[in-house]
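Participant: To convert a position in the sequence shown, counted from 1, into this note's numbering, add 11. Using N, Cα and C, we set each Cβ at its ideal position, and we do this for glycine too. For clarity, every value in this text was computed on a predicted model and none was experimentally measured.
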Amino acid sequence: MKINIAGNYEELSRMAAEHIIKAIHQKPNALLSLAGGSTPLGTFRHLIDASRENRVSFAQCRFISLDEWVGLGGEDEGSCRSTLDQHFFEPLNISENQIHFYDGRSSDLIEECDKMDLFIKEYGPIDLIVLGVGLNGHLGFNEPDCELDAYSHVVELDDVTRTVSVKYFSEQKNLNHGITLGMKHIMETKDVLLLADGDKKAEIVKATVLGEMNGHVPSSLLQGHNRVEVFLDERAASLL
Ligand code: GLP
């Protein structure tokens, strides 16, 4: 893992954005997967600015989901898809035919998983993935003690994830399951970016980077990937 420590969130976001811009210059038609939590929002802002300054173009890229809350679709406030629509796809005029996302409202989630895995087979492997990390070490919705050799699948959410989830929604939702790319997708991705900021993430960042590598802390499995760049602010890096 290559660890990059920024003085603050703004700098972390700029550094991660510059890394992504470089990757797109090398492969303009990259297949990307972007996390929809709070952490990458600053990175997205930098990418939008860079695009407006003609320093990068996503016109040839394709985008797939990292994860989605089961029960929520693109129209639902707080869904991963709606977060990305608002903070990335719409400001960058990314067209619908560049995007392939899980529909968490589908009545056939197995089919959603199959469709995603087929899409990745056709257009993959994933070139670049931007991950946040849950307080319990989850990546996407690969929760503690997740399956290590799974592709897309549906999971029962961990208690920590359910508790933290309230921050994404203005009204209470009863969310118990998620649909996610599997650890196998993440480990087969060419270029992995892991972003974390703030004091709250310091413990899990320590476990991710310095802890024993095992599925109990899914993010620690990234120690076994040969191209991971970790972008932290000083607070998230304070226990390293
Ligand atoms: C969420 C999502 C992840 C996200 C992670 C961290 O629950 N399932 O995709 O990356 O947890 O979220 P945040 O960046 O808001 O801390």
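1. Give a yes or no on whether the C-beta atoms belonging to residue 204 and residue 27 are separated by under 9 Å.
2. Could you name each continuous beta strand (DSSP E) segment of 3 residues or more that falls completely within the segment 123-156, going from the start of the chain to the end?
3. Where residue 19 and residue 165 are concerned, what is the direct C-alpha to C-alpha distance, given to the nearest angstrom?
4. Leaving out five residues on either side along the sequence, give the residues of the same chain with a beta carbon under 7 Å from the beta carbon of residue 51.
5. Please confirm whether any heavy atom of ligand 1 lies closer than 8 Å to the CB of residue 46.
6. Between which two residues does the alpha helix (DSSP H) harbouring residue 217 extend?
7. I'd like the list of long-range same chain contacts for residue 176, defined as Cβ closer than 7 Å, with 5 residues on each side in sequence excluded.
8. What does the alpha-carbon distance come out to for the pair residue 242 and residue 235?
9. Would you identify the three-state DSSP class for residue 158, choosing helix, strand or coil?
10. Within 8 Å: the Cβ of residue 50 and any heavy atom of ligand 1?
11. Taking only three categories from DSSP, how would you classify residue 44?
12. So which of 48, 104 and 57 has the shortest CA-CA distance to residue 21?
13. Could you check where the alpha helix (DSSP H) with residue 210 kicks off and where it finishes?
14. For the 8 Å Cβ check, are there 3 or more pairs between the segment 179-194 and the segment 82-100?
15. On the premise that residue 145 lies in contact with residue 172, defined as a C-beta separation below 8 Å, what is that separation, rounded to the nearest angstrom?
16. So, with DSSP's three-state summary, where would you put residue 89?
17. Determine the direct distance from the alpha carbon of residue 148 to that of residue 156, and round the result to whole angstroms.
18. What do you reckon, is the C-beta of residue 99 under 8 Å from a heavy atom of ligand 1?
19. Considering only C-alpha positions, which residue in the set 108, 239, 55 and 213 is nearest to residue 71?
20. Have a look at the DSSP bridge pairing and note the partners of residue 14.
21. Please report the straight-line C-alpha distance between residue 237 and residue 48, rounded to a whole angstrom.
22. Measuring CB to CB, does residue 218 end up less than 9 Å from residue 248?
23. With a threshold of 8 Å, establish whether the CB of residue 58 neighbours any heavy atom of ligand 1.
24. Among 105, 163, 136 and 226, whose alpha-carbon lies nearest the alpha-carbon of residue 202?
25. Going by the beta-carbon positions, is the gap between residue 115 and residue 151 smaller than 9 Å?
Facilitator: By the coordinates alone:
1. Against the sequence shown, residue 204 aligns to sequence position 193. Against the sequence shown, residue 27 aligns to sequence position 16. Yes, these two residues count as a Cβ contact at 9 Å.
2. Taken in chain order, the whole beta strand (DSSP E) runs of length 3 or more contained in the segment 123-156 are 139-142.
3. Against the sequence shown, residue 19 aligns to sequence position 8. Against the sequence shown, residue 165 aligns to sequence position 154. Each residue's CA atom was taken as its position, placing residue 19 and residue 165 some 35 Å apart.
4. One-based indexing of the sequence shown puts residue 51 at position 40. Its chain contains 45, 141, 143 and 206 as the residues whose beta carbon lies nearer than 7 Å to that of residue 51, once the 5 sequence neighbours on both sides are disregarded; these appear in chain order.
5. Position 35 of the sequence shown, counting from 1, holds the residue named residue 46. At least one heavy atom of ligand 1 sits closer than 8 Å to the Cβ of residue 46.
6. In the sequence shown, the residue the question calls residue 217 occupies position 206. It spans 213-220 - the alpha helix (DSSP H) in which residue 217 sits, taken as one unbroken run.
7. Taking the first residue of the sequence shown as 1, we reach residue 176 at position 165. Taken in chain order, the residues that qualify are 186.
8. Position 231 of the sequence shown, counted from the start, is the residue given in the question as residue 242. Position 224 of the sequence shown, counted from the start, is the residue given in the question as residue 235. C-alpha separation (whole angstroms): 17 Å.
9. Counted from its first residue, the sequence shown places residue 158 at position 147. Residue state, collapsed to three classes: coil.
10. In the sequence shown, the residue the question calls residue 50 occupies position 39. The answer is yes for residue 50.
11. Stepping through the sequence shown from its first residue, residue 44 is reached at position 33. In the structure shown, residue 44 sits in a strand (DSSP, three-state: E or B).
12. Along the sequence shown, read from residue 1 onward, the residue named residue 21 stands at position 10. The option with the nearest alpha carbon to residue 21 is 57.
13. On the sequence shown, residue 210 is found 199 positions in, with the first residue counted as 1. Unbroken run through residue 210: none, as it is neither H nor E.
14. Contact check between the segment 179-194 and the segment 82-100: three or more CB pairs, one atom from each, fall below 8 Å, which counts as touching.
15. Reading the sequence shown from its first residue, position 161 is the one you call residue 172. Reading the sequence shown from its first residue, position 134 is the one you call residue 145. Residue 172 to residue 145, Cβ: 6 Å. Contact.
16. Mapped onto the sequence shown, residue 89 falls at position 78. If DSSP states are grouped into helix, strand and coil, residue 89 belongs with coil.
17. Sequence index remark: in the sequence shown, residue 156 carries index 145 (1-based). Sequence index remark: in the sequence shown, residue 148 carries index 137 (1-based). If I take the Cα positions, the gap works out to 10 Å.
18. Looking up residue 99 in the sequence shown gives position 88. Between ligand 1 and the CB of residue 99, the shortest heavy atom gap is not smaller than 8 Å.
19. Taking the first residue of the sequence shown as 1, we reach residue 71 at position 60. Taking only the C-alpha atoms, the option nearest residue 71 is 108.
20. What you label residue 14 is simply residue 3 of the sequence shown in a count that begins at 1. In the DSSP output, where bridge partners are listed per residue, residue 14 has 241.
21. One-based indexing of the sequence shown puts residue 237 at position 226. One-based indexing of the sequence shown puts residue 48 at position 37. Distance between the alpha carbons of residue 237 and residue 48 is about 25 Å.
22. Taking the first residue of the sequence shown as 1, we reach residue 218 at position 207. Taking the first residue of the sequence shown as 1, we reach residue 248 at position 237. No Cβ-Cβ contact shorter than 9 Å links residue 218 with residue 248.
23. Here residue 58 corresponds to residue number 47 of the sequence shown, with the count starting at 1. Look at residue 58: its beta carbon is at least 8 Å from all of the heavy atoms in ligand 1.
24. By 1-based counting over the sequence shown, the position of residue 202 is 191. Minimum Cα distance to residue 202 is reached at 136.
25. Here residue 115 refers to the residue found at position 104 when the sequence shown is read from its first residue. Here residue 151 refers to the residue found at position 140 when the sequence shown is read from its first residue. No.
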